[in-house]
Amino acid sequence: MNEKTSLRQRKYEAEEIELILKQLKAIEIAFMELKMLERAKLEGIPARWHSLYATNGVGVKGNEK
């Protein structure tokens, strides 16, 4: 394999790795979202408020103090 082919192959592999990392990040975010929805459901927080709940880590109930 000559040097040009080797560089092209490494570039292609690097792009594949970047794509896989982006997909893993998307899966991680989706999993976190699911966990937040589950937690909100267990605590009786309406689903539309779960994002607010996630941003402060206390929850809507905690903000009512």
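Going by the working numbering, 567 is the number at position 30 of the sequence shown; the sequence numbering is gapless. Beta carbons: idealized from backbone N, C-alpha and C, even for Gly.
Asked                                                                                                                                                : Found
In chain order, what residues of the same chain lie with their CB nearer than 7 Å to the CB of Glu-570, ignoring the 5 residues before and after it? : none
Which class does Glu-553 belong to by DSSP, given the choice of helix, strand or coil?                                                               : helix
Quick check on DSSP: helix, strand or coil for Ile-566?                                                                                              : helix
Return helix, strand or coil for Asn-580, following the three-state DSSP convention.                                                                 : Checking the sequence, you will find Glu at residue 580 rather than Asn. Looking at Glu-580 - three-state DSSP - the assignment turns out to be coil, as it is neither helix nor strand.
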